[in-house]
Amino acid sequence: MQEAVTITVGTVIGVGLFTIGSQIVGNMGSMVVLATFVAMLISIYPAWLYGEMGAALPFAGGTYKYAQLGLSHSAGVLAGWNFIASLVAVTSGEALAFAFYFKTLFRAMGIELPLDDAVLAMIPIAVFIGTNIYGTKFTGRLQNAFIYFFWSIAFIWALTMLPNIQMPHYVVLPAGLSDMSSWSFIGMVALIWWCFAGFETCCALGEEIRFPEINIPRALKLAPFIVFIVNAIFQWFLVGITPADSLPALASADAPYAEAMEAAGILGLPLVMLALGISVGGDFSTLNSSIAVPPRYLYAMAREGSMPKIFSKLHPKYGTPWVAILFLGVLSLILVKYPITFVASVSLFADLFYYIIGIAAAWGLRHRLPDLKRPFKAPMVEIGVPVSIIIYFIMMTQLDQDAIVSGIIWCVAGIVVYWFCRRQNSGIEEVRLETLIADTPEPTAEEKLAMDKDYRFWKRVTATFFILSLLIYAVPVFF
Numbered sequence: 302m303q304e305a306v307t308i309t310v311g312t313v314i315g316v317g318l319f320t321i322g323s324q325i326v327g328n329m330g331s332m333v334v335l336a337t338f339v340a341m342l343i344s345i346y347p348a349w350l351y352g353e354m355g356a357a358l359p360f361a362g363g364t365y366k367y368a369q370l371g372l373s374h375s376a377g378v379l380a381g382w383n384f385i386a387s388l389v390a391v392t393s394g395e396a397l398a399f400a401f402y403f404k405t406l407f408r409a410m411g412i413e414l415p416l417d418d419a420v421l422a423m424i425p426i427a428v429f430i431g432t433n434i435y436g437t438k439f440t441g442r443l444q445n446a447f448i449y450f451f452w453s454i455a456f457i458w459a460l461t462m463l464p465n466i467q468m469p470h471y472v473v474l475p476a477g478l479s480d481m482s483s484w485s486f487i488g489m490v491a492l493i494w495w496c497f498a499g500f501e502t503c504c505a506l507g508e509e510i511r512f513p514e515i516n517i518p519r520a521l522k523l524a525p526f527i528v529f530i531v532n533a534i535f536q537w538f539l540v541g542i543t544p545a546d547s548l549p550a551l552a553s554a555d556a557p558y559a560e561a562m563e564a565a566g567i568l569g570l571p572l573v574m575l576a577l578g579i580s581v582g583g584d585f586s587t588l589n590s591s592i593a594v595p596p597r598y599l600y601a602m603a604r605e606g607s608m609p610k611i612f613s614k615l616h617p618k619y620g621t622p623w624v625a626i627l628f629l630g631v632l633s634l635i636l637v638k639y640p641i642t643f644v645a646s647v648s649l650f651a652d653l654f655y656y657i658i659g660i661a662a663a664w665g666l667r668h669r670l671p672d673l674k675r676p677f678k679a680p681m682v683e684i685g686v687p688v689s690i691i692i693y694f695i696m697m698t699q700l701d702q703d704a705i706v707s708g709i710i711w712c713v714a715g716i717v718v719y720w721f722c723r724r725q726n727s728g729i730e731e732v733r734l735e736t737l738i739a740d741t742p743e744p745t746a747e748e749k750l751a752m753d754k755d756y757r758f759w760k761r762v763t764a765t766f767f768i769l770s771l772l773i774y775a776v777p778v779f780f
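Set out below in C-alpha cells:
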C-alpha cells in the first residue's frame with residue numbers, strides 16, 4: 302500500500318501547491334483551509350469509486366479503459382484525450398513555475414537572470430523530452446532523486462520558518478473576503494481542487510502494485526486526506542510568514558512563497574533553500590512524470606487505431622514512443638507562452654471533464670458488468686455518482702471562459718481525429734473484459750496480517766496529522 306500512496310502524493314504535489322493554490326491565500330488568508338477542506342470533501346467519494354474500479358480492474362489502465370468498458374470506446378478515448386491535455390498543460394505550468402523559482406534562486410544570491418520566463422521554462426521541457434526518449438529506467442532514477450531531494454529540503458526549510466511564524470496573521474483576513482460571493486468561493490475551491498487532481502494515479506499502475514485488490518482501495522481512502530494535510534500545512538506556513546499588508550499581493554504572485562519571504566525580509570539561505578527545493582526538486586519531479594506519462598496514453602490509443610498510427614512508432618534503440626513524446630512536448634513548449642493562470646485553467650477543465658467521465662464509468666460498469674468481482678464497493682452509487690458529476694460540472698462553469706472554449710475545441714478535435722482514425726482502421730475491436738484482467742495471487746495469512754498492520758499504521762498517522770493540520774489554524778483564533 303505504501304507504493305500506492307507515495308505514487309499518488311508524488312504526482313499530486315507540484316505546480317498547484319506552489320503557484321495557483323498558493324495564490325488563493327492572497328484572496329482568503331487563513332480561511333484558505335476552508336476551501337482546501339471542501340476540495341478534500343468533494344474528492345473523497347470519487348476516490349472511493351476509483352478504489353472500486355482499481356480493485357476490480359487492476360490491469361485496466363485507468364479511466365481510459367474503465368470508460369471503454371463502462372460507457373463506450375469513444376468515451377474512453379475522450380477520457381484519455383483529456384488526460385493528455387491536462388498533463389500537457391501541467392508540464393507547461395510546472396515549467397513556468399520552475400522559471401519563477403529558479404530566477405528567485407539566483408536573485409537570492411544577488412544575480413538577476415536576463416532571461417524571459419517563457420524561454421527559461423522551455424529549457425527543462427526540452428531536457429526532459431530527451432531523457433524520456435532515452436528510456437523509463439533512466440527517468441525513474443531521476444524521479445526518485447528529485448522526490449527525495451524535494452522532501453529533504455522542504456523539511457529543513459519548514460524548521461527554519463518556524464521562528465518567523467506570526468500568530469496574529471491567522472486572524473487578520475483580507476478585506477475583500479467578506480464580499481466574496483458563493484460563486485467566487487466555488488471558483489476558489491475549483492482552483493484548490495486542482496491540487497487534488499491525480500488522486501487516482503495508482504489505478505493506472507495497478508499491475509505494478511502488490512495485491513491491488515486490497516491495497517488500491519485502501520490507498521484511495523487515505524489519498525484525499527493526505528493531499529489535504531500537505532496543502533494545509535504548506536498554506537499555514539505561507540499565511541504565517543506573509544505580512545498582513547502583503548497578503549493581497551499573493552493573489553497575483555508568480556512565485557507566492559518566494560514573494561512572501563521577500564516581503565517578510567526572510568532572505569539569504571532560507572530563500573535559497575526554498576527556491577532550490579521547489580525548482581530542482583518539486584518542479585523537476587512533476588515535469589519528469591508529466592512528460593513521461595501522456596505519450597504512453599497517446600501511444601496506446603494509436604496502437605489500437607484510435608489515434609494516427611504515427612504515434613505508435615517506437616524508437617529503434619530505446620523502445621520508447623518517441624514521436625508521441627516529441628509531439629506532446631512541442632505542445633507544452635507552445636503553452637509556456639501563455640500566463641500560468643490560463644494554463645492552469647486549461648488543465649483544470651481537462652481534469653474535471655476527465656473525472657466526470659471516470660465517475661460516470663463507475664456507474665456504467667455497475668450496470669454493464671454487474672457480476673464483475675468487486676473486492677471493494679463504493680456505497681450509494683445511485684446518489685453519489687450524479688451528485689459528484691453535478692459538483693464537478695459546476696466547478697467547470699467557474700473557470701476562465703477562454704479555457705472553457707479551448708477545452709471544448711480540444712474535445713471536438715479529439716472526437717474528430719478518433720472517428721477519422723476509426724474509419725481508416727475498420728478492424729478496431731471493442732475492448733474485451735478478458736483482455737484486461739487476470740488472476741492475481743491471494744495474500745497468505747501472514748501477508749494479510751502484515752498489510753492490515755501497515756494499513757492501521759497509515760490510518761493512525763494520517764488521522765494524527767489531519768487533526769494537527771486543522772488545529773494549527775484553530776489555535777491562533779482562540780488564543
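The sequence shown lines up with residues 302 to 780 when you count with the working numbering. Quick reminder that beta carbons are idealized off the backbone N, C-alpha and C, glycines included.
Q: Return helix, strand or coil for residue 488, following the three-state DSSP convention.
A: helix
Q) DSSP three-state call for residue 619: helix, strand or coil? A) coil
Q | Rounded distance between the beta-carbons of residue 450 and residue 260, thought under 8 Å | A | This structure cannot settle anything about residue 260, because the visible part of the chain is limited to 302 through 780.
Q.
Mapping the DSSP letters down to three states, classify residue 592 as helix, strand or coil.
A. helix
Q | Secondary structure of residue 754, DSSP reduced to three states | A | helix
**Q.** Cα-Cα separation, residue 528 to residue 358
**A.** 24 Å
Q | Own chain partners of residue 690 with C-beta closer than 8 Å, once the 5 adjacent residues on each side are dropped | A | 657, 660, 661
Q. Is DSSP giving residue 525 helix, strand or coil here?
A. helix
**Q.** residue 408 versus residue 414 - alpha carbon distance
**A.** 8 Å
Q. Do you know how far the Cα of residue 395 is from the Cα of residue 467?
A. 30 Å
Q.
I'd like to check one pair, residue 435 with residue 600: are the Cβ atoms closer than 9 Å?
A. no
Q.
Could you compute how far the alpha carbon of residue 459 sits from the alpha carbon of residue 668?
A. 49 Å
Q: Please report how far the alpha carbon of residue 476 lies from the alpha carbon of residue 343, in whole angstroms.
A: 28 Å
Q.
Quick test of your reading: residue 471 and residue 777, contact by CB under 8 Å. State the CB separation rounded to the nearest angstrom.
A. 4 Å
Q: Can you grab the Cα-Cα spacing for the pair residue 356 / residue 478, in whole Å?
A: 43 Å
Q) Beta carbon of residue 465, beta carbon of residue 565: below 9 Å? A) yes
Q. Taking the alpha-carbon positions, what's the residue 345 to residue 700 distance?
A. 22 Å
Q.
Please tell me whether, using a cut-off of 8 Å, the distance from the CB of residue 563 to the nearest non-hydrogen atom of the ligand MG is below it.
A. Of the ligands one can find in the structure shown there are none, so the ligand MG has no counterpart to examine.
Q: From the DSSP output, in three-state form, read off residue 546 for me.
A: helix
(Q) Taking only three categories from DSSP, how would you classify residue 320? (A) coil
Q | Helix, strand or coil at residue 681 according to DSSP, with G and I counted as helix | A | coil
Q: Please go through the same chain and pick out, in chain order, the residues whose beta-carbon is closer than 8 Å to the beta-carbon of residue 715, but skip the five residues on each side of it.
A: 378, 379, 382, 383
**Q.** Straight-line Cα distance separating residue 323 from residue 317
**A.** 8 Å
Q: Take the Cβ of residue 445 as the centre, count every other Cβ of all protein chains shown within 10 Å, and call the residue buried at 16 or more, exposed below.
A: exposed
Q) If you count every other CB in all the chains shown that lies within 10 Å of the CB of residue 568, and 16 or more means buried, which is it? A) exposed
Q) With a CB to CB cut of under 6 Å and the five nearest residues on each side skipped, what residues in its chain are close to residue 504? A) 351, 355, 363
Q | Where residue 672 falls, given that 16 or more other Cβ within 10 Å makes a residue buried | A | exposed
Q. Going by the CB atoms, is the gap between residue 559 and residue 787 shorter than 9 Å?
A. A question about residue 787 goes unanswered here, because the residues of the chain that appear run from 302 up to 780.
Q: Classify residue 406 as helix, strand or coil using the three-state DSSP reduction.
A: helix
Q. Which of helix, strand or coil does DSSP assign to residue 781?
A. In the structure as shown, the chain begins at 302 and stops at 780. Residue 781 is therefore absent and cannot be evaluated.
Q: On a CA-only basis, which of 772, 524, 677 is nearest residue 512? Give me that one, please.
A: 677
Q) Should residue 480 be labelled buried (16 or more other beta-carbon atoms within 10 Å of its own) or exposed? A) exposed
Q: Sort 366, 419, 547 by Cα distance to residue 329 and report the nearest one.
A: 547
(Q) Rounded to the nearest angstrom, what separates residue 524 and residue 749 at their Cα positions? (A) 21 Å
Q. What residues in its chain sit with their C-beta under 6 Å from that of residue 399, if we drop five residues either side in the sequence?
A. 425, 580, 584
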